[in-house]
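Counting from 1, position 329 in the sequence shown corresponds to residue 554 in my numbering; the numbering is continuous, with no gaps. By construction, the Cβ of each residue, glycine as well, lies at the ideal position given by its N, Cα and C atoms. See structure below.
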Amino acid sequence: MVLKNILDFDYEGLQNYLTENFGIEKYRTDQICDWIYKKRIFNFDDMSNLSKETRKTLKENFIILLPDIVQKEISKIDGTTKYLFELADGNLIESVLIYYPSRTIACISTQVGCPLKCKFCSTGKSGFVRNLTVGEIVGQFLAMEKDNNININNLVYMGMGEPLLNFGNVIQSVNIFNDPKMKKLGARHITISTVGIPKMIEELANLNKEIRLSVSLHATTNLQRDKIMPINHAYPLEEVIQACRIYQEKTNKRVTFEYILIKGFNDSTEDALRLVDIFKDMKVMVNLIPVNPNPAGFEKPSKKFVDNFLDVLVKKGIDAVVRAEKGSDISAACGQLRLRRLSDLS
Ligand code: SAH
């Protein structure tokens, strides 16, 4: 009999499954979730308030499947920790743990590889393999908590892959993270980062959750965006922005936009002014990110250009920051660790 990964289940799903198949009392689900999600116990034998019988049933039918750590790099500068995880089928994914004075952020993956092939991104370079299961998404977070013996209080779906192309599993994992009986992470501490798939953004808005939406814009015209993000051919800028406006209206939440700055490509005063124009009547937050090392060889603009870009936005009343670079001494950019590993192996 194939063991089920218990991390695939949301609270209700687990409770129903345990009651219907094994007659396990409903309150037992609370206890099991408490061990896994609050006490970081990943072994049924150690769940001491369960009866022997229940533990046996769980062991015979379930596993608590965390991914294996195959490599770990810790930044000497700020402690940022990048994990390369191996999944049960041998596939590799990356997750990152980032420390700020008042919070820790887990950055997790949603796919093995990515189908979108953004030019500046290392993940797309190695192609798309498959979507992650719910348990694999949740497992990354729990594995990082276990490894550091900490509670992580913020979560961004900003690792490898496109979360909105694995919508069902991503939302199920959000429910698990958010559920007070499970990880109990406030929805406002959860961010989904996307290239911007209009239909799915609207679906997300309809779910009426308090999760934050972050959109990787990176350009101010279709001509420009087409050159670095092939997905823009299918979903042009104006459709993405329109969906963001709908998201904002329905959720009353401001949308965050990520804008990587590439030297001589999208870093001029004109670009900044076009961005201001795109955001008129919207409540937005803009993260400017001087581009990290990347397969296309794009370079960061000089500090003068970065400062000027920020200055133009701020003077026009837009909330914007230059995102502080984290873990710059380790393989900082998305997908780099896995790419290096894959090329070592080949
Ligand atoms: N597919 C989603 C989430 C994964 S990428 C998305 O596109 O949002 C996470 C973030 O890292 C995105 O904003 C992406 O554009 C950014 N990113 C990828 N490669 C980068 C690089 N070389 N430098 C800076 N940011 C990069």
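- For the 7 Å CB-CB criterion, valine 420 and serine 441 form a contact.
- At least one heavy atom of the ligand SAH falls within 6 Å of the beta-carbon of phenylalanine 345.
- In the DSSP annotation of this structure, methionine 272 is not part of any alpha helix (DSSP H), being labelled neither H nor E.
- Rounded to the nearest angstrom, the gap between the Cα atoms of aspartate 404 and glycine 360 is 15 Å.
- Not a single heavy atom of the ligand SAH lies less than 6 Å from the C-beta of valine 354.
- Rounded to whole angstroms, the separation of the alpha carbons of glycine 364 and asparagine 517 is 27 Å.
- Within the same chain, Cβ atoms closer than 7 Å to the Cβ of tyrosine 460 are found at Gly421, Ile422, Pro423, the five residues on either side in sequence being excluded.
- Counting the other Cβ atoms within 10 Å of the Cβ of methionine 226 gives fewer than 16, which makes it exposed.
- Short note on asparagine 376: C-beta not closer than 6 Å to any heavy atom of the ligand SAH.
- Look at the region 370-411 and you find these whole runs of alpha helix (DSSP H), each 4 residues long or longer: 392-403.
- Residue nearest to glutamate 435 within the set Asn519, Arg413, Ile375, Pro326 is Arg413 (criterion: CA-CA distance).
- Sequence-distant Cβ neighbours of asparagine 457 in its own chain, meaning closer than 6 Å and more than five residues away, are Arg450, Asp451.
- Per DSSP, reduced to three states, the secondary structure at aspartate 293 is strand.
- In this structure aspartate 492 touches phenylalanine 534 by the C-beta definition: roughly 6 Å separates them, less than 8 Å.
- Sequence-distant partners of asparagine 394 (beyond 5 residues in either direction) whose C-beta falls short of 7 Å from its own C-beta, in its chain, are Asn356, Leu357, Thr358, Val359, Ile362.
- Relative to the ligand SAH, the beta carbon of threonine 419 is positioned inside 6 Å of a heavy atom.
- Here the C-alpha atom of asparagine 230 lies approximately 6 Å from the C-alpha atom of leucine 290.
- A distance of 7 Å or more separates the beta carbons of tyrosine 382 and threonine 329.
- In the structure shown, serine 347 adopts helical secondary structure according to DSSP, grouped into three states.
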